[in-house]
Structures are given as structure tokens and as C-alpha cells.
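J.: Structure below; questions to follow.
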């Protein structure tokens, strides 16, 4: 049976994937010659982004992680879902803050040029 906590976890997971893409994409634009996939902490996403590129790696990695997430939320008790909510909230905060910092650095770089 689907509970509200399952919907919240999936919603935060999707937000995490979107923020991760925007953050890594901004990093890739700012430092195109560097190893941009290292900006992501998740080893699954890091490997797939290095192998398939940013967008395809994010899609494939998101599908793998989503399968793991659905399986774990369905089989484990509800307090595990609460743990996942907190984890994805912290991940979203991390990606959002870093993305905003990169945008600010990009603006400062454009002003200097």
C-alpha cells in the first residue's frame, strides 16, 4: 500500500536528480576542461556520467537508483522512509547551495572579463 511517506521520498528523489543535473551542468560549463563528473558524490552517477555523458548518465543512474529506492521503501519499515526523507532533504540542500555558489562565481567571472 502506498503511503504519503513513499510519495514524499519519491518527490524528494526527483528533486535531487534535477538539482544534481543543474549543479553538475553548471560545473561543466564553468570548468569544461576539468573532470566535471567528480562534482557528484554518488559513485553510481559518477561512473555513469563519465561513461555515457551528463544527460544519459543521469538518466541511467536515476533509473538504477530509483529501482533501489522503490524496492527499499516497499520492503523496509516506515522509519526507514523517514530516514530517506532526511537524507534527500540534506542532499537537495547540498546541491542547491553548491549550484547557487557556482552561479555566483560565474557572474563574478563574467564581470571580471
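In my numbering, the protein residues as written are 8 to 120. No residue lacks a Cβ here, since even glycine has one placed at the ideal position from N, Cα and C.
1) Could you name the residues of the same chain whose beta carbon sits closer than 7 angstroms to that of residue 106, not counting the 5 residues immediately before and after it, in chain order?
2) Does the Cβ of residue 38 have 16 or more other Cβ atoms within 10 Å, making it buried, or fewer, making it exposed?
3) Since I believe residue 82 is in contact with residue 68 (beta carbons under 8 angstroms), could you give me their beta-carbon distance rounded to a whole number of angstroms?
4) Where residue 13 and residue 91 are concerned, what is the direct C-alpha to C-alpha distance, given to the nearest angstrom?
5) So, is residue 80 buried or exposed, given that buried needs 16 or more other C-beta atoms within 10 angstroms?
6) Taking the continuous alpha helix (DSSP H) assigned at residue 41, which residues delimit it?
7) In the DSSP assignment, find the alpha helix (DSSP H) that holds residue 84 and state where it starts and stops.
T.: Checking against the coordinates, here is how it stands:
1) By 1-based counting over the chain shown, the position of residue 106 is 99. These residues qualify, in order along the chain: 26, 29, 30 and 33.
2) As a working note, residue 38 is residue 31 in the chain shown. The residue in question, residue 38, is exposed, as its Cβ has fewer than 16 Cβ neighbours within 10 Å.
3) Your numbering for residue 68 matches position 61 in the chain shown. Your numbering for residue 82 matches position 75 in the chain shown. Wrong, their Cβ atoms sit about 21 angstroms apart, outside the cutoff.
4) Along the chain shown, one-based indexing puts residue 13 at 6. Along the chain shown, one-based indexing puts residue 91 at 84. The alpha-carbon atoms of residue 13 and residue 91 are separated by roughly 10 angstroms.
5) Sequence index remark: in the chain shown, residue 80 carries index 73 (1-based). With 16 or more other Cβ atoms within 10 Å, it is buried.
6) Start at 1 with the first residue of the chain shown, and residue 41 comes out as number 34. Element bounds for residue 41: n/a, residue is neither H nor E.
7) Looking up residue 84 in the chain shown gives position 77. Unbroken run through residue 84: none, as it is neither H nor E.
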